[in-house]
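Residue numbers (our numbering), protein chains in the order written: chain A, 358 to 570; chain B, 69 to 163.
Ideal placement from N, C-alpha and C gives every residue a C-beta, glycine not left out.
Values in this document were obtained by computation on a predicted structure and should not be read as measured data.
In what follows, a structure is listed as structure tokens, so that the remarks can point back to it.
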């Protein structure tokens, strides 16, 4: 029950943060026509909707379906939609540095992550999420070194914590009786909180929404 | 590594120049904007045409030459651009 409560908080916070950042990005896109803001809109709407689907999944499992036989496909769908959002964030950082430059790393690549978790679609999607989040966190940190904008540190830390949360959630399948799931969820909630910080810096009252632009 | 400006960044630079850095009250000439915003003539002509047609810049004629000033819509756009540029920057992105 404690895990259900924590997962509900995580998913509802994730939905709220995702949709809020998505709406703000959409306002920015409508006002400036920037394709980057359009991709951010798609990214955060996907992340928000993904969290909502996951919340729906655990709620239906708890109250409608048999809790002993959870409907994993709803969770998998939610994670897949979220991963699509992480993809758009990573894609916005340009694909050119997506694959590691080192010959050794290139030869090893990211294949083991997929091979280890090939036991289920959910694990595969989680591993893709982890890679995209790690990439997004590194690129955001790199951009901080150029721009020195402090909010970029919070976003980089937020993405890193979401990625670490995914990583621990992934290990939870290996050690199902451990405390890893609760730790994973708590880390993810903190990560989402950090992602929300840039939104608080936007002076919304000064933005005029012009339909003609 | 050479850093290329996005189309949006170039527009932001032109509008910022016409708002904050005008040589006189008539506006800025194309030559002045080319120098300040560092854009080739062929490209800036197209961009200025678009900005005038969108109502972001006002075109005036002075001594037979075209000059450009930012409009009130342009000021609103520039304010939104600066706000969301910072927002995107927080995510490590450039708009």
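Which residue comes first and which comes last in the alpha helix (DSSP H) that contains residue i?
{"i": "residue 154 (chain B)", "result": "140-158"}
{"i": "residue 384 (chain A)", "result": "359-389"}
{"i": "residue 77 (chain B)", "result": "75-88"}
{"i": "residue 531 (chain A)", "result": "That residue, residue 531 (chain A), is in no alpha helix (DSSP H); it is neither H nor E in DSSP."}
{"i": "residue 422 (chain A)", "result": "Segment: none, residue 422 (chain A) is in no alpha helix (DSSP H) and carries neither H nor E."}
{"i": "residue 429 (chain A)", "result": "429-449"}
From the DSSP output, read off the bridge partner residues of residue i.
{"i": "residue 114 (chain B)", "result": "In the DSSP output, where bridge partners are listed per residue, residue 114 (chain B) has none listed."}
{"i": "residue 214 (chain B)", "result": "Summary: the structure shown does not reach residue 214 (chain B), with chain B confined to residues 69 through 163, and so no result is reported for it."}
Under 7 Å Cβ-Cβ, which residues of chain B neighbour residue i?
{"i": "residue 300 (chain A)", "result": "The question about residue 300 (chain A) has no answer here: the residues shown for chain A are numbered 358 through 570."}
{"i": "residue 393 (chain A)", "result": "156, 161, 162 and 163"}
{"i": "residue 509 (chain A)", "result": "157, 158 and 160"}
{"i": "residue 486 (chain A)", "result": "Simply none; closest approach about 17 Å."}
Which of the three DSSP states is assigned to residue i in this structure?
{"i": "residue 459 (chain A)", "result": "Unreliable positioning characterises residue 459 (chain A) in this predicted model, as indicated by a pLDDT of 46, which lies under 50. A coordinate reading is not provided."}
{"i": "residue 485 (chain A)", "result": "helix"}
{"i": "residue 556 (chain A)", "result": "helix"}
{"i": "residue 392 (chain A)", "result": "helix"}
{"i": "residue 161 (chain B)", "result": "coil"}
{"i": "residue 109 (chain B)", "result": "helix"}
Here's a check: name, in chain order, each residue in its chain whose Cβ is nearer than 7 Å to the Cβ of residue i, leaving out the five neighbours to either side.
{"i": "residue 89 (chain B)", "result": "104"}
{"i": "residue 394 (chain A)", "result": "382, 385 and 386"}
{"i": "residue 547 (chain A)", "result": "518"}
{"i": "residue 142 (chain B)", "result": "83, 124 and 125"}
{"i": "residue 396 (chain A)", "result": "445, 448 and 449"}
{"i": "residue 422 (chain A)", "result": "428"}
{"i": "residue 437 (chain A)", "result": "482"}
Near residue i, which residues of its chain fall below 8 Å by C-beta distance, leaving aside the five closest residues on each side in sequence?
{"i": "residue 468 (chain A)", "result": "Summary for residue 468 (chain A): the model assigns pLDDT 48, below 50, so the residue's position carries little reliability, and this model does not support an answer."}
{"i": "residue 505 (chain A)", "result": "none"}
Going by beta carbon distance, what residues of the same chain come within less than 6 Å of residue i, once the five residues before and after it are set aside?
{"i": "residue 153 (chain B)", "result": "163"}
{"i": "residue 160 (chain B)", "result": "none"}
{"i": "residue 442 (chain A)", "result": "400, 403 and 404"}
Could you list which residues in chain B have their beta carbon closer than 8 Å to that of residue i, in chain order?
{"i": "residue 389 (chain A)", "result": "76, 145, 148, 149, 152 and 163"}
Name the chain B residues that come within less than 9 Å of residue i, Cβ to Cβ?
{"i": "residue 379 (chain A)", "result": "Result: empty, since nearest Cβ-Cβ is about 12 Å, beyond 9 Å."}
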